[in-house]
Structure formats: C-alpha cells, structure tokens
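Below is one structure; the comments refer to it alone.
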Amino acid sequence: MNDTELVGVQKTLSPILRAKALDNRLPDPILGDKYAEQAMRGLDPDYDKRRFGTSQMGLAAVVRAKAHDDWARSFLADHPDAVVLHLGCGLDARVYRIDPPATVEWYDLDYPSTIELRQRFLPPREHYNLIGSSVTDLAWLDRIPRGRPVLMIAEGLVPYLTEAEVRRLVTSVVDAFPMGQIQLDLVSVMGWRTSKWDPTLRRYGTRFHSGFDDPAALADWHPRLEYVDEAPMNDSPVLMAKAPASVRRMYRLLNLLPGMKRSVRIVRFRF
Ligand SMILES: C[S@@+](CC[C@H](N)C(=O)[O-])C[C@H]1O[C@@H](n2cnc3c(N)ncnc32)[C@H](O)[C@@H]1O
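Residue numbers for the sequence shown follow our numbering, beginning at 1 and rising by one.
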C-alpha cells in the first residue's frame, strides 16, 4: 500500500477509486475512467489481488460519479466562464473526464497529503489548481476568483462534515458568487447513526457526522438557494443496465431493505 500518508477519513477515497478502476474493465463501462486505474495502482499496486478485490459491488459509487459528471457537464456547457470547486476530490479524475475548456478555472481541494498523492499519480494541466486544506477552514475561499458563476461539487464529502460545517460551507459559497450550481450527496439520518458500526469506516477510524432525510430542505439555509432535483443511485437505471448480473441481483435484494434505496441521495441546487 502506498497510502501510508493517508489517515482516517482520507482513506475513504480508496474503495471509491477502486470501484472506478474496476468499472473501466467492464466491456461497456459506466464511467470509463482510465485515470482511476493509474491512480489506484499508484495507491495500491495489488488492489485487485485480495479477496473480493475484483468485486463490482462498488458500482453504485460509480453511478454517483457519473451523475455528478453529467450535471457538471451541463452546467459548464451553459457557463463556460465558471469556476469549479471540486471539494473532497480525493484521487478522482473528474477534471480529466470532463476536460473543460480553458475558460473554466478548476480547483480540486482535499487535505494536503491527499493533494500530494494527486501530484504524484495524476498529471498537471492548464487552468487547473490544487488546494491542500481542510474544506472547513474557509480561508481557501479567499483564493478563488469572484464575480463568475460557480460550480461546487462535493462527492462523498458531506457525510464526513457536521451539519453546522456543511451549512457554513454552502452559505459561504452562495454569499461569495453571483450565481451557481451546488451538487452534493449525503446520507440518511439512519445511515449517519449506523455509520459507527460500518466495518469499513471503523477500519479507517472514521464515521459520518451528519445525515439528512429531506435534502431539499437544505435550500432553506439561504434565501438565494433553490433545490433543483435528485439523481438515483442504488436503484439507478444505469446500474441495472450496465452492472454484471450478480451485482444487479445483489442490489435488487439490498434495495428491499428499509431505507436502502435512499440511503445516499445525490442532489442539485442552484442560486
Ligand atoms: C469518500 S472520499 C471521496 C473522494 C472523491 N470525492 C471521490 O468521490 O472519489 C472522501 C474525501 O473527502 C476528503 N475529506 C473529508 N473531510 C474533509 C475535509 N474536512 N476537508 C477536505 N477534504 C476532506 C477525504 O480526504 C477524501 O478524499
């Protein structure tokens, strides 16, 4: 493992990256991210050798990444002068997948040691900036050019923040820009409460710090903020169309459990 610098919550980037790398081996991938394999091999050259190493059960997370990509592409098509705040980016290769025009200024933010790994495993590019900081230390926001549309993406980040931290982040971004889109995903209150027993999170020494059963209500945090819509994840048509049969069967069964279908919600806001 090459992730010795990663501690606690930073380690949560690894199963998601592995899912994206394995998706790229499907005959008809959901995301088709060639950089995920490269970064995952850098992080752990033997990532596909262990028991369950090649299981595609992580594909729901890949569906989530695709939903965020689709929303981001459509916002950037309408706002090619935007700044992008990709928060808690981990080793995700979104900027390369989307490949925005040079008029877009893109910022990837995560803890400094995650950003160091990005610099090691992923190539630099023009109009692409890295910020090594906790997202909750809002001094980073002073480094972002103002007066332009903003696209804020937080994939797999919000559950690791407290509700007060999410609220401060969202309202500060709305206050700082004339207009924009905020896309994030969050877990249900039950997902939050039960996270202390999640074996993977326990192994990483972390847990969730917030959960929401009515994500649209986040729009009440700021008078300019408006809820737009939600994208499906655990029961998404793309998962059911593209995942191998064994994975589809497993998700169909899991989705019968109360609360499972909506355990993670992918939501979009605008202002
Ligand atoms: C589940 S991973 C998701 C990574 C990436 N967004 C993806 O979907 O592949 C969560 C990421 O959030 C980052 N993170 C968690 N809390 C953070 C904080 N307070 N400030 C900056 N990054 C944070 C972690 O380091 C990790 O990279």
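Note that CB positions come from ideal geometry on N, CA and C, so glycine has one too.
All of these numbers come straight from a predicted model, not from anything done at the bench.
- Using a 10 angstroms sphere on the CB of W197, the tally of other CB atoms stays under 16, which defines it as exposed.
- Counting the other CB atoms within 10 Å of its CB gives G53 a total below 16, which places it among the exposed residues.
- In this structure M179 is exposed. Its beta-carbon is surrounded by fewer than 16 other beta-carbon atoms within 10 angstroms.
- By the criterion of a C-beta distance shorter than 6 Å, L184 is surrounded in its chain by A154, V158, once the five residues flanking it on both sides are discounted.
- Taking 7 Å as the cut-off, one finds at least one heavy atom of ligand 1 near enough to the beta carbon of Y111.
- By the neighbour-count criterion, in which 16 or more other beta carbons inside 10 Å mark a residue as buried, A21 falls on the buried side.
- Between L109 and L43, the CB-CB gap reaches or exceeds 8 Å.
- If only uninterrupted beta strand (DSSP E) runs of at least 3 residues are considered, those enclosed by the stretch 207 to 264 are 226 to 231.
- In this structure, F269 and E230 do not form a Cβ contact; the two beta carbons are roughly 11 Å apart against a cut-off of 8 Å.
- Distances from the CB of L151 to the heavy atoms of ligand 1 are all 7 Å or more.
- Taking each of W106, L26, S172 in turn and checking the Cα distance to P223, the smallest one comes out for S172.
- Less than 8 Å separates the beta-carbon of L85 from that of V150.
- Between the beta-carbon of V104 and that of A82 there is about 6 Å, and that keeps the pair under the 8 Å contact cut.
- The beta carbons of S188 and S263 sit closer together than 8 Å.
- Rounded to the nearest whole angstrom, the CA to CA distance from F271 to L76 is 15 Å.
- With contacts defined as CB atoms closer than 8 Å, V174 and I30 fail to qualify as a contacting pair.
- Rounded to the nearest whole angstrom, the CA to CA distance from R94 to P80 is 16 Å.
- In this structure, R73 lies near I98, with their beta-carbon atoms less than 8 Å apart.
- Between Y96 and Y47, the beta carbon gap of about 20 Å keeps them out of contact (Cβ cut-off 8 Å).
- In this structure, DSSP gives L186 an extended state, which the three-state scheme calls strand.
- At least one heavy atom of ligand 1 lies closer than 7 Å to the C-beta of L157.
- L130 has its Cβ no nearer than 7 Å to any heavy atom of ligand 1.
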